[in-house]
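Colleague:
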Amino acid sequence: MNNTKKLFIKTYGCQMNVYDSERMSEALGADGYEKTDSPDEADMILLNTCHIREKAAEKIYSELGRYKELKASKPELKIGVAGCVAQAEGEEIIKRQPLVDLVVGPQSYQNIAGLAAKAVDGTKQIDINFPKEDKFTLLKGARSAQRGPSAFLTVQEGCDKFCAFCVVPYTRGAESSRPVLQVVDEAKHLVDSGVREITLLGQNVNAYHGAGSDGKEWSLAKLIWELDKVDGLARIRFTTSHPNDMTDDLIEAHGTCKKLMPYLHLPVQSGSNRILKRMNRSHDAESYISLISKIREARPDILISGDFIVGFPEETDKDFYETISLIKNIEYGQAFSFKYSTRPGTPAAERDQVCEEVKTARLYELQDLIKKQQKNIQDKMIGRNVQVLFDRKGRFNNQLVGKSEYLHAVNVTDPTIAVGELKNVYITKSNTNSLSGSILNYCSINNKC
Ligand code: SAH
Ligand code: SF4
Ligand code: F3S
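Heads up: the sequence shown at position 174 corresponds to 173 in numbering that gives the first Met the number 0, and the numbers run straight through without jumps.
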């Protein structure tokens, strides 16, 4: 008889949720759950949710509604809600959608298997505590052996910055960092299972201050240099950073650490000092611009990415055009932009709101500019030799897709390459959202490596 239970897990929101979903699957795996891609086959459906904007949170309820019939036809099916909506709304979720059996917040995932077992026994489970003990030490289940060449590794969680628009400090709790040794051990384990690129994650990853082997607090730069020593690890990335925590040692590492990739996601949110102040961002447009110059001095080819919010309460046209002018000044290789979304319980929710039409028009204008900058920077890659880590098969025969150092997607059609390989590629074409190129088997474009 087959006793394996099936788990369908769906992930929303940021990369930290992707990492958490992996850890929860592994913990439930140790308890006999096997992952499935089909909710119809599942014994447990787990939604790992995001609360950052209203739409993200509301999506969860429409998704839950879709499982009504399935649950009616299969009463033994258990449905769980994890992640930031779980943390923010707790038992309200079960009140609003009674088919939910389990609600678990991000700081309680070490309890996931126990909670799932109790839910199977028929009682509703809610765990949204912020326990003192270290979740990562307690999370059971081996890091899965089957994975691609790139992996996420959460090193820092939570946020103490309380930007006026943001739910993260409430859903993820106070800032905390994992000890250096724990991170390095996990990185080595990932490398042993075939990983060549690790992206260090944190809601404020550059505020990392984990305990080092000398008992002192180590900075993110120091952690990166420790990971640089891991044989077999070819690439290190980190995200998401806050401008105020961009320390000199980290900037310097961008210039000197070969494994650290030339890509930096550094959200500014707005180019208006008045709005930045109202956002409680504690940096201004000028300090951000000079920070980027300093980073570019250390690593001239670094690709800069950012986040923007348009239509923050009280934002005028003048404020908005200051954001546009900052974007023109920086030249982004990539950016994510959002209409401000009112989040209950955050200070900005109580202020004068900008109307939807204005938000939409500003978003389009900003995104048009970003798209042009992005394409311009991508087009400049034509004729360059980049290194690509191939991570998946493409749509066409013998085509593989990978990421360059700058995080551009690169397609290559060549029967000699395999997923997981890191190859020199000569870029021949810039498409809408990707580059195409051909493998360089020897480094002889103009006799330069
Ligand atoms: N810690 C990161 C951001 C994490 S949230 C930082 O400080 O930059 C990811 C992005 O979501 C933010 O950068 C912001 O642009 C966006 N965001 C957060 N709250 C939002 C809200 N209420 N409305 C619209 N966008 C929001
Ligand atoms: Fe949110 Fe980032 Fe601000 Fe923290 S620093 S409150 S995560 S936007
Ligand atoms: Fe969303 Fe929570 Fe990440 S609110 S962006 S899933 S930290």
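Using N, Cα and C, we set each Cβ at its ideal position, and we do this for glycine too.
(1) Between the segment 328 to 342 and the segment 164 to 180, do at least 3 Cβ pairs fall closer than 8 Å?
(2) Hey, could you find the ends of the beta strand (DSSP E) Leu434 is sitting in?
(3) Classify Gln106 as helix, strand or coil using the three-state DSSP reduction.
(4) According to DSSP, Leu45 sits in a beta bridge with which residue or residues?
(5) Mind checking who Gly401 pairs with in its DSSP beta bridge?
(6) In three-state terms, what does DSSP make of Lys428?
(7) Would you call the segment 184 to 193 and the segment 103 to 121 in contact, with 3 or more CB pairs under 8 Å?
(8) Cβ-heavy atom distance between Cys165 and ligand 1 below 7 Å?
(9) Could you tell me which residues DSSP pairs with Ala210 in its beta bridges?
(10) By the three-class DSSP mapping on this structure, what secondary structure does Asp120 have?
(11) Given 7 Å as the limit, tell me if Ile51 has its C-beta closer than that to any heavy atom belonging to ligand 3.
(12) Given Tyr11, which residues of its chain have a CB within under 8 Å of its CB, disregarding the five upstream and five downstream residues?
(13) Rounded to whole angstroms, what's the CA-CA distance from Arg535 to Gly305? Just pull it up for me.
(14) Is DSSP giving His188 helix, strand or coil here?
(15) Between Ser286 and ligand 4, is the CB less than 7 Å from at least one heavy atom?
(16) Nearest-angstrom Cα distance between Met15 and Gly157?
(17) Examine the Cβ distances between the segment 214 to 226 and the segment 131 to 140 and report whether three or more of them are shorter than 8 Å.
(18) What does the alpha-carbon distance come out to for the pair Ile438 and Val387?
(19) Could you give the first and the last residue of the continuous alpha helix (DSSP H) run that contains Val194?
(20) Using alpha carbons as the reference points, say which of Asp159, Thr415 and Arg95 lies closest to Val80.
(21) Going by beta carbon distance, what residues of the same chain come within less than 6 Å of Pro178, once the five residues before and after it are set aside?
(22) Apart from the five residues on each side of it in sequence, which residues of its chain come closer than 8 Å, Cβ to Cβ, to Val229?
(23) Rounded to the nearest angstrom, how far is the Cβ of Lys31 from that of Lys4, given a contact under 8 Å?
(24) Could you give the residue range of the alpha helix (DSSP H) that holds Phe135?
(25) In whole angstroms, give me the CA-to-CA distance for Ser429 and Val409.
(26) Below 6 Å CB to CB, which residues in the same chain sit around Gln109 once its five sequence neighbours on both sides are set aside?
(27) Would you please state the rounded distance, in angstroms, between the beta carbons of Val267 and Ser240? I believe it to be under 8 Å.
(28) Are the beta-carbon atoms of Ile369 and Tyr320 separated by less than 8 Å?
(29) Please state whether DSSP places Leu200 in a helix, a strand or coil.
(30) Would you mind reading off the limits of the alpha helix (DSSP H) that contains Gln480?
(31) Look up His264 in the DSSP assignment and say whether it is helix, strand or coil.
Modeller: In short, the structure shows the following:
(1) yes
(2) Leu434 to Ile438
(3) helix
(4) Ile8 and Gly79
(5) Phe389 and Val409
(6) strand
(7) no
(8) yes
(9) Glu216
(10) coil
(11) yes
(12) Leu46, Asn47, Thr48, Cys49, Ala55, Lys58, Ile59 and Gly82
(13) An answer regarding residue 535 cannot be provided, because it is not within the stretch 0 to 448 covered by the chain.
(14) helix
(15) This structure does not include ligand 4; its bound ligands are ligand 1, ligand 2 and ligand 3.
(16) 11 Å
(17) no
(18) 9 Å
(19) No alpha helix (DSSP H) holds Val194; DSSP gives it neither H nor E.
(20) Arg95
(21) Gly209 and Ala210
(22) Val183, Ala186, Lys187 and Val190
(23) Before going on, a small fix: residue 31 reads as Gly here, not Lys. Contact holds; Cβ gap of about 6 Å.
(24) Lys134 to Leu137
(25) 9 Å
(26) Lys134, Leu137 and Leu138
(27) Actually they do not touch by this definition, with Cβ atoms about 11 Å apart.
(28) no
(29) strand
(30) Because the chain is modelled from 0 through 448, residue 480 falls outside the range shown and cannot be assessed.
(31) strand
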